[in-house]
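Student:
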Amino acid sequence: MSDWDWPVVGRSWDLLMEGTKLTLQLFAVSLILATLLGLILALMRMSSISPLRFISAGYVWVFRGIPVFVTLLFAFFVARDLPGLSWLTPIQAGMLGLGVDAAAYKAEIIRAGLLSVDPGQHEASEALGMTKRHYMRRIIVPQSIRVIVPTYMSNSILLLKATSVAVGIGLVELTGITRQLSNSTFRPVELFTAAAVIYLVLTTLLVVPQEYLERRFALKT
Amino acid sequence: MALVNVSGLRKSFGKTDVLKGVDFQVERGEVISIIGPSGSGKTTMLRCVNLLERPTGGRIEVDSRVLCEEQANGSMTFADKAAIREAREHIGMVFQRFNLFPHMTAVENVIEAPIAVKNVPKPEATARAHELLEAVGLGHKGDSYPMQLSGGQQQRVAIARALAMDPTLMLFDEVTSAVDPELAGEILLVMKRLAEQGMTMLVVTHEMGFAAEVADRVLFIDHGRIVEQGPAADVLQNPSHERTKAFLHAVLDRAPMEAEVEEAAEGLVDDLLVRPERIGGDDDGS
Ligand SMILES: Nc1ncnc2c1ncn2[C@@H]1O[C@H](COP(=O)(O)OP(=O)(O)OP(=O)(O)O)[C@@H](O)[C@H]1O
Ligand SMILES: [Mg+2]
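Quick mapping for you: the protein sequence lines, in order, are chains A and B.
Count the first sequence with the numbering used here and you get residues 1052 to 1272, in order.
Count the second sequence with the numbering used here and you get residues 6 to 291, in order.
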């Protein structure tokens, strides 16, 4: 017991925060990418144009079936060799890989939410002469958010934790910096405990937007 | 010319033939009740009139717009999307289960389509929404959300929402059957008012009292065909077909509803008289 060295956490704090910052950057950008791509995929899946449905279903099938780490390696080694993507930095490749993977899950979550809206809402909108574009935006999507938020947020917690696989392409985010620090100080228990607590704080903080959104989109009774 | 012209209307779902050749016309200002047993195709027929259901045969024309037409080779041609939307602007529909937008207040429900579809400026749409809500006896409920309203109140908001588009034709599909029986009267009273204002109405209903009192004509439909149609009094009191007789016999065993309407009228009529002439945007309220 007595040979623990907790002050090592304090001495490493600045570097741990550097890693945390990169973790949050990876998370934020890949979340935005996954959400936008997921929304597009969900709308494609519900389109009346069958090639769009086919592409969307294929995307979800592929990226749900591949480990996120493999997708990440593809983004790192393959995507950067593609003609238009040579400008990708390793960090951007990480964001891309994580986002592309998470988009498959977001697509399914958003689709389930959109499908949960009573078909009568589509019919009432159609009967009033609204365009599909208009009523999806004003009638269907706002009602689906209530259903989407809880699963969307727990999936986002998974994404936040999944950023740690970016170690595998050499990114020094929170897990990466912690491993480097523990290698140099020989204090893995203290440092990984600190990292675990930081992850726990971050994932707990995600409850705040969740509660806000749930309140914002609750039906008034 | 008739406002609605339906001829040879057929609709099947897969192998099930639901409508097997339906012909009818609706004159301007006419109120038609559609009655018939459960599963006979009443809802399907009504939904074909605004193309919520795509017919598999026949021709539908509403207000001189051809919505669909069967070609000589049996294939169907439909009006294009924009033309269908344009036609729907003039065809109000009220559903059995209200289908109000639950995330919007009563006023927001009513103004959404006029603003989005007809580009009515928001202040104007809002003023009109308040008038319409007042006309259906809900002037004080504009800021309520659907879930804060009773079924009868929700359905009246739904009627106001449809009227806000200034339709020339209103479709009603069993609009009282999802509400408590004691709340049906307030909805029926609003519909009766609307009929008196000259609105053209197609009303699928199980309320024989309404059919008898308000409808100009009654269509009796069974197994996807119109079995009998004619003036309400004839069809309801002297049906000429056995099936009509059997059907009426079965439903008239239930309590008549005139009493309910009168009762509801007691409480409501004041509200309604605030602006009765506004219903249907028709200024001659006598
Ligand atoms: N979308 C659909 N797919 C398959 N069958 C359908 C569909 N809609 C209606 N039907 C069938 O068509 C027939 C007529 O249905 P419809 O709803 O028009 O009857 P209805 O006269 O309105 O009955 P009710 O009085 O019970 O409302 C029924 O047998 C029904 O099962
Ligand atoms: Mg029906």
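Here a beta-carbon is modelled for each residue, glycine too, at the ideal position from N, C-alpha and C.
Predicted model only: the values in this text are computed from it and were never measured.
#1: When DSSP labels each residue in this structure, what does lysine 1271 of chain A get in the three-state scheme?
#2: Can you tell me the Cβ-Cβ gap for alanine 1246 of chain A and threonine 1229 of chain A, rounded? I've got them flagged as a contact below 8 Å.
#3: Closer than 8 Å by beta-carbon distance: list the chain A residues that pair up with asparagine 104 of chain B, in chain order.
#4: Rank B:Glu91, B:Leu72, B:Arg230 by C-alpha distance to the C-alpha of threonine 82 of chain B and give the top, closest one.
#5: According to DSSP, is glutamate 113 of chain B helix, strand or coil?
#6: Closer than 8 Å by C-beta to proline 1201 of chain A: which residues in its own chain qualify, once you throw out the five before and the five after it? Chain order, please.
#7: Across the segment 1147–1155 of chain A and the segment 1119–1131 of chain A, are there enough close Cβ pairs to call them in contact, namely three or more that are closer than 8 Å?
#8: Is it right to say serine 1215 of chain A is buried, meaning 16 or more other beta carbons lie within 10 angstroms of its own, or is it exposed?
#9: Quick one: is leucine 8 of chain B buried, meaning 16 or more other Cβ sit within 10 Å of its Cβ, or exposed?
#10: Are the beta-carbon atoms belonging to glutamine 165 of chain B and glycine 97 of chain B less than 8 Å from one another?
#11: Beta-carbon of valine 11 of chain B versus every beta-carbon of chain A: anything under 8 Å?
#12: Taking the beta carbon of asparagine 55 of chain B as the centre, do at least 16 other beta carbons fall within 10 Å, making it buried, or is it exposed?
#13: Are any of the Cβ atoms in chain A nearer than 8 Å to that of alanine 121 of chain B?
#14: Measuring only the C-alpha atoms, how far is serine 245 of chain B from glutamate 212 of chain B?
#15: Determine the extent of the alpha helix (DSSP H) in which serine 1205 of chain A is found, giving its start and end residues.
#16: Strictly below 7 Å CB to CB, what residues from chain A border alanine 118 of chain B?
#17: Compute the minimum distance between the beta carbon of lysine 1271 of chain A and the heavy atoms of ligand 1, and state whether it is under 7 Å.
#18: Take the Cβ of tyrosine 1156 of chain A as the centre, count every other Cβ of all protein chains shown within 10 Å, and call the residue buried at 16 or more, exposed below.
#19: Are any of the Cβ atoms in chain A nearer than 8 Å to that of arginine 90 of chain B?
#20: Closer than 7 Å: is that where the CB of valine 23 of chain B sits relative to any heavy atom of ligand 1?
#21: Does glutamine 101 of chain B come out as helix, strand or coil in the three-state DSSP assignment?
#22: Would DSSP call aspartate 276 of chain B helix, strand or coil?
#23: Is it the case that the segment 51–70 of chain B contacts the segment 220–232 of chain B, given that we only count it when at least three CB pairs across the two stretches are under 8 Å?
Tutor: Let me lay it out:
#1: As a position in the first sequence, residue 1271 of chain A is number 220, starting the count at 1. Here lysine 1271 of chain A sits in coil by DSSP.
#2: The residue labelled residue 1246 of chain A in the question sits at position 195 within the first sequence. The residue labelled residue 1229 of chain A in the question sits at position 178 within the first sequence. Sure, about 4 Å apart at Cβ, within 8 Å.
#3: Numbered from 1 along the second sequence, position 99 holds the residue referred to as residue 104 of chain B. What asparagine 104 of chain B touches in chain A: Asp1169, Gly1171, Gln1172, Glu1174, Ala1175.
#4: On the second sequence, position 77 is the one that residue 82 of chain B refers to. Of B:Glu91, B:Leu72, B:Arg230, the residue nearest in Cα terms is B:Leu72.
#5: Here residue 113 of chain B refers to the residue found at position 108 of the second sequence. Residue state, collapsed to three classes: helix.
#6: Residue mapping note: residue 1201 of chain A aligns to position 150 of the first sequence, counting from 1. Contacts found: Gln1261, Glu1265.
#7: yes
#8: Position 164 of the first sequence, counted from the start, is the residue given in the question as residue 1215 of chain A. Per the 10 Å Cβ criterion, buried.
#9: Against the second sequence, residue 8 of chain B aligns to sequence position 3. Its Cβ being crowded by 16 or more others within 10 Å, leucine 8 of chain B is buried.
#10: Your numbering for residue 165 of chain B matches position 160 in the second sequence. Your numbering for residue 97 of chain B matches position 92 in the second sequence. The residue you asked about is not glutamine; residue 165 of chain B is alanine in the sequence shown. No.
#11: To locate residue 11 of chain B, count along the second sequence from 1; it is residue 6. Chain A, which has no Cβ nearer than 8 Å to the Cβ of valine 11 of chain B, makes this no.
#12: Sequence index remark: in the second sequence, residue 55 of chain B carries index 50 (1-based). Buried, since its Cβ has 16 or more Cβ neighbours within 10 Å.
#13: Locating residue 121 of chain B in the second sequence gives position 116, where the first residue counts as 1. Interface residue, yes.
#14: Sequence index remark: in the second sequence, residue 245 of chain B carries index 240 (1-based). Sequence index remark: in the second sequence, residue 212 of chain B carries index 207 (1-based). Cα-Cα distance, rounded: 20 Å.
#15: Your numbering for residue 1205 of chain A matches position 154 in the first sequence. From DSSP, the alpha helix (DSSP H) with serine 1205 of chain A extends over 1192–1213.
#16: Start at 1 with the first residue of the second sequence, and residue 118 of chain B comes out as number 113. The contacting residues are Leu1179, Gly1180, Met1181.
#17: The residue given as residue 1271 of chain A occupies position 220 in the first sequence. No, the beta carbon of lysine 1271 of chain A sits no closer than 7 Å to any heavy atom of ligand 1.
#18: By one-based count along the first sequence, residue 1156 of chain A stands at place 105. Tyrosine 1156 of chain A is buried by the Cβ-count criterion.
#19: As a first step, residue 90 of chain B is located in the second sequence; it is residue number 85 there, counting from the start. Chain A contact via Cβ: present.
#20: Counting from 1 along the second sequence, the entry for residue 23 of chain B is found at position 18. Flag set: Cβ of valine 23 of chain B near ligand 1.
#21: Numbered from its first residue, the second sequence carries residue 101 of chain B at position 96. DSSP places glutamine 101 of chain B in coil when its eight states are reduced to three.
#22: Taking the second sequence and counting its residues from 1, the one referred to as residue 276 of chain B is at position 271. Residue placement at aspartate 276 of chain B cannot be trusted, given a pLDDT of 40 that sits under 50; what the coordinates show is reported in the next sentence. Helix at aspartate 276 of chain B.
#23: no
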